[in-house]
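Novice: Once you know that position 111 of the sequence shown is 111 in UniProt numbering, the rest is easy, because the numbers rise by one and skip nothing. A virtual CB, placed ideally from N, CA and C, is assigned to each residue, including glycine.
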Amino acid sequence: MLDLSMIAAVFAQRKPGHTLPQSLYNSPDVYEFDLDAIYGQSWILAGFTCEIPRPRGVLALTIGRSPVVITRDRDGTLKAFHNSCRHRGAQVCADGAGARSRLTCPYHQWVYGLDGKLVHAKDMQPSFKPDEHGLKPVHVEEVAGALFVCMAETPTPFDQFRADLEPLLAPHRLNEAKLAHQNTLVEKGNWKLVMENARECYHCAVGHPELALTFPIGEAKGGHFAKEDDPRHQAFDAKLASLGLAKGPFIGPWWQVERFPLREGQVSLTMDGQPAVKKLMIEGDDPDVGSLRWAIEPHSFCHSTSDTTVYFSAMPTGPHETVVTCKWLVHQDAVEGVDYDVERLTALWNVTNLQDRDLVELNQRGVNSLGYTPGPYCEEGESYVQRFVDWYCDKAQDFIAARTGIDR
Ligand code: 3BY
Ligand code: FES
Ligand code: FE
Numbered sequence: 001m002l003d004l005s006m007i008a009a010v011f012a013q014r015k016p017g018h019t020l021p022q023s024l025y026n027s028p029d030v031y032e033f034d035l036d037a038i039y040g041q042s043w044i045l046a047g048f049t050c051e052i053p054r055p056r057g058v059l060a061l062t063i064g065r066s067p068v069v070i071t072r073d074r075d076g077t078l079k080a081f082h083n084s085c086r087h088r089g090a091q092v093c094a095d096g097a098g099a100r101s102r103l104t105c106p107y108h109q110w111v112y113g114l115d116g117k118l119v120h121a122k123d124m125q126p127s128f129k130p131d132e133h134g135l136k137p138v139h140v141e142e143v144a145g146a147l148f149v150c151m152a153e154t155p156t157p158f159d160q161f162r163a164d165l166e167p168l169l170a171p172h173r174l175n176e177a178k179l180a181h182q183n184t185l186v187e188k189g190n191w192k193l194v195m196e197n198a199r200e201c202y203h204c205a206v207g208h209p210e211l212a213l214t215f216p217i218g219e220a221k222g223g224h225f226a227k228e229d230d231p232r233h234q235a236f237d238a239k240l241a242s243l244g245l246a247k248g249p250f251i252g253p254w255w256q257v258e259r260f261p262l263r264e265g266q267v268s269l270t271m272d273g274q275p276a277v278k279k280l281m282i283e284g285d286d287p288d289v290g291s292l293r294w295a296i297e298p299h300s301f302c303h304s305t306s307d308t309t310v311y312f313s314a315m316p317t318g319p320h321e322t323v324v325t326c327k328w329l330v331h332q333d334a335v336e337g338v339d340y341d342v343e344r345l346t347a348l349w350n351v352t353n354l355q356d357r358d359l360v361e362l363n364q365r366g367v368n369s370l371g372y373t374p375g376p377y378c379e380e381g382e383s384y385v386q387r388f389v390d391w392y393c394d395k396a397q398d399f400i401a402a403r404t405g406i407d408r
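Below, the structure written as structure tokens:
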């Protein structure tokens, strides 16, 4: 059992506007706490409906130390469960997507329906009650082809987030997409250092020369990208209006959704700024619609350009280890080698993610130092980092308060 009063004492030392106290980036107890209080209580962008094979299939992923499986039946009904067998607890479905009509545990072959009900348990005694041993449900929501799960008993309200995201994401038609590629990167850093790094572009000019060609690295200031008095932004707004594309920004407690223009003359987040896919995800043939950035705490950001959606997700796997998963979606009718080339599609984010991994590892090494003292964030260039750490501390302290009565 975690000693929540000790963790509460660490949060009490935190200096607003500054990086976190050292043990929040280091301690094994805080890592366990984060899995329960943060990853166990938040909505997680698990993936995309188009990843689940039709007519019936599953998408399984591990959130912290909890395997979760999302199922879709022939009618399209989505459900999610703890992917832990009700016999002796084995993980039922391997992580990843697969076509399935039943979920069979590989250990002793207990069989579950896609609705989580236990339908067969070999040789069990007459007193055994299968209806009491279904898979435990997890909350699941779908927004415009994106799948969110939440393991909390009572999840954080989702409706406002849906209302903000749906109209902006729907034109990207993710239900007509396919997964073109995915990869993972193991980073030797605490997940919060991965996310702090992902929430700012204060490092981008020097850290990401390739990204800086297309991404307006200096523009995401004070929380969002819009520059009302810039003629280029005005022209961008007028064009979006003529195409019926909403822009936002919608900034909620744990989300940010905003369409913004890329650098002049650039239409996609690729090495050369040109589309990586011939068949566009959005309607029409104008690829120049900027990027829709949609990001949720604690773990992800996505960029939807006219041609592709890129997904970034950070999963803690240890106090000093995080696995970053990156996925690229393209139109389901786009043919690899004809309409797109995986190398070209993925090159920019691959190089960017590797650069970020090195920065995170550098950050972790220095944070481990006897000489580490929390330092001040840059208010303008690191405003989203501050939002992230403030959100984290609030969520953590709410969790502690609800269980111990210790208030901040
Ligand atoms: O959230 C983002 O947009 C990431 C990707 C590039 C820079 N960084 C702030
Ligand atoms: Fe799943 Fe035994 S643990 S059938
Ligand atoms: Fe970066």
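(1) What is the DSSP secondary structure of Y392, reduced to helix, strand or coil?
(2) I'd like to check one pair, T156 with W254: are the Cβ atoms closer than 8 Å?
(3) Mapping DSSP to helix, strand and coil, what is residue 410?
(4) Could you pull out every residue in the same chain whose Cβ sits closer than 8 Å to the Cβ of N197, ignoring the five residues on either side in sequence?
(5) Is W349 near H181, with beta carbons less than 8 Å apart?
(6) When you measure from the CB of H133 to every non-hydrogen atom of the ligand FES, does any distance come out below 7 Å?
(7) Under 5 Å from any heavy atom of the ligand FES, by CB: list those residues in chain order, please.
(8) According to DSSP, is S306 helix, strand or coil?
(9) Any heavy atom of the ligand 3BY within a distance shorter than 7 Å of the CB on R54?
(10) Going by C-alpha to C-alpha distance, which of C93, G98, D341, A97 sits closest to W110?
(11) What residues in its chain sit with their C-beta under 8 Å from that of A170, if we drop five residues either side in the sequence?
(12) Can the beta-carbon of H299 be found closer than 8 Å to that of I44?
(13) If you follow the beta strand (DSSP E) that C150 is in, where does it begin and where does it stop?
(14) Decide if E153 is buried, meaning its Cβ has at least 16 other Cβ atoms within 10 Å, or exposed.
(15) Relative to the alpha-carbon of L59, which residue among R86, R72, T322 has its alpha-carbon at the smallest distance?
(16) In three-state DSSP terms, what is H233?
(17) Would you grab the beta carbon distance between P316 and Y31 for me? Rounded to a whole angstrom, and I think it's under 8 Å.
(18) Taking C-alpha atoms, which residue in N175, Y384, D407 lies nearest to F301?
(19) Between the Cα of E343 and those of F388, H320, D164, V277, spot the shortest distance and give me the residue it belongs to.
(20) Got a sec: does the ligand 3BY put a non-hydrogen atom nearer than 7 Å to the Cβ of C201?
(21) Thinking just about the alpha-carbon of each residue, which of T325, H331, Y25 is nearest to the one in N183?
(22) Nearest to S304 by CA position, among H108, L280, C150, is which residue?
(23) Alpha carbon to alpha carbon, how far is D229 from H320? Give it in angstroms, no decimals.
(24) Just confirm the distance between the C-beta atoms of P261 and G290, as a whole number of angstroms; I'd bet it's less than 8 Å.
(25) Would you report the Cα separation of R293 and L345, rounded to the nearest angstrom?
(26) CB of R259 to nearest heavy atom of the ligand 3BY: below 7 Å?
(27) Verify whether the separation of the beta carbon atoms of Y25 and V367 is less than 8 Å.
(28) Quick check: the Cα distance between P275 and L174, rounded to an integer number of angstroms?
Specialist: This is what the structure holds:
(1) Here residue 392 refers to the residue found at position 392 when the sequence shown is read from its first residue. In this structure, Y392 counts as helix in the three-state DSSP scheme.
(2) Counting from one through the sequence shown, the residue named residue 254 turns up at place 254. Counting from one through the sequence shown, the residue named residue 156 turns up at place 156. At the C-beta level, W254 and T156 come within 8 Å of one another.
(3) Beyond the ends of the chain as shown, which are 1 and 408, falls residue 410; an answer cannot be given.
(4) Looking up residue 197 in the sequence shown gives position 197. In chain order, H203, D356, L359, V360, N363 place their CB closer than 8 Å to the CB of N197, counting only its own chain and leaving out the 5 sequence neighbours on each side.
(5) Numbered from its first residue, the sequence shown carries residue 349 at position 349. Numbered from its first residue, the sequence shown carries residue 181 at position 181. Not a contact, by the Cβ cut-off of 8 Å.
(6) Stepping through the sequence shown from its first residue, residue 133 is reached at position 133. No, the beta carbon of H133 sits no closer than 7 Å to any heavy atom of the ligand FES.
(7) Counting only beta-carbon distances shorter than 5 Å to the non-hydrogen atoms of the ligand FES, the qualifying residues in chain order are C85, H87, R88, A90, C105, Y107, H108, W110.
(8) As a working note, residue 306 is residue 306 in the sequence shown. In the structure shown, the three-state DSSP call for S306 is coil.
(9) Counting from 1 along the sequence shown, the entry for residue 54 is found at position 54. No, the ligand 3BY has no heavy atom inside 7 Å of this Cβ.
(10) The count along the sequence shown starts at 1 and reaches residue 110 at position 110. Ranking C93, G98, D341, A97 by CA distance to the CA of W110 puts C93 first.
(11) What you label residue 170 is simply residue 170 of the sequence shown in a count that begins at 1. Excluding residues within five positions, the ones whose Cβ falls inside 8 Å are A144.
(12) Taking the sequence shown and counting its residues from 1, one reaches residue 299 at position 299. Taking the sequence shown and counting its residues from 1, one reaches residue 44 at position 44. Judged by their CB atoms, H299 and I44 are nearer to each other than the 8 Å cut-off.
(13) For this step, residue 150 is matched to residue 150 along the sequence shown. Here the beta strand (DSSP E) through C150 covers 146-150.
(14) Numbered from its first residue, the sequence shown carries residue 153 at position 153. The residue is exposed, with fewer than 16 neighbouring Cβ atoms inside 10 Å.
(15) Along the sequence shown, one-based indexing puts residue 59 at 59. Comparing alpha carbon positions, the residue from R86, R72, T322 closest to L59 is R72.
(16) Mapped onto the sequence shown, residue 233 falls at position 233. Correct three-state label for H233: helix.
(17) For this step, residue 316 is matched to residue 316 along the sequence shown. For this step, residue 31 is matched to residue 31 along the sequence shown. Contact between P316 and Y31 is confirmed by a C-beta separation of about 6 Å, below the 8 Å threshold.
(18) Reading the sequence shown from its first residue, position 301 is the one you call residue 301. Looking at the Cα atoms, Y384 is the closest of the given residues.
(19) Looking up residue 343 in the sequence shown gives position 343. Checking every option, the nearest Cα to that of E343 belongs to V277.
(20) Taking the first residue of the sequence shown as position 1, residue 201 is located at position 201. Yes, since a heavy atom of the ligand 3BY falls inside the 7 Å radius drawn around the Cβ of C201.
(21) Taking the sequence shown and counting its residues from 1, one reaches residue 183 at position 183. The candidate whose alpha carbon is nearest that of N183 is T325.
(22) Taking the sequence shown and counting its residues from 1, one reaches residue 304 at position 304. Of the candidates H108, L280, C150, the one whose C-alpha sits nearest the C-alpha of S304 is L280.
(23) By 1-based counting over the sequence shown, the position of residue 320 is 320. By 1-based counting over the sequence shown, the position of residue 229 is 229. Each residue's Cα considered, the two are about 44 Å apart.
(24) Numbered from 1 along the sequence shown, position 261 holds the residue referred to as residue 261. Numbered from 1 along the sequence shown, position 290 holds the residue referred to as residue 290. About 4 Å separates the Cβ atoms of P261 and G290, confirming a contact at the 8 Å cut-off.
(25) For the purposes of this step, residue 293 is identified with residue 293 of the sequence shown, where counting begins at 1. For the purposes of this step, residue 345 is identified with residue 345 of the sequence shown, where counting begins at 1. When rounded, the distance between both Cα atoms is 18 Å.
(26) Taking the first residue of the sequence shown as 1, we reach residue 259 at position 259. Answer for R259: no, Cβ out of range of the ligand 3BY.
(27) Taking the first residue of the sequence shown as 1, we reach residue 25 at position 25. Taking the first residue of the sequence shown as 1, we reach residue 367 at position 367. Result yes, Cβ atoms of Y25 and V367 sit closer than 8 Å.
(28) Here residue 275 corresponds to residue number 275 of the sequence shown, with the count starting at 1. Here residue 174 corresponds to residue number 174 of the sequence shown, with the count starting at 1. Across the structure, P275 and L174 are spaced so that their CA atoms are roughly 17 Å apart.
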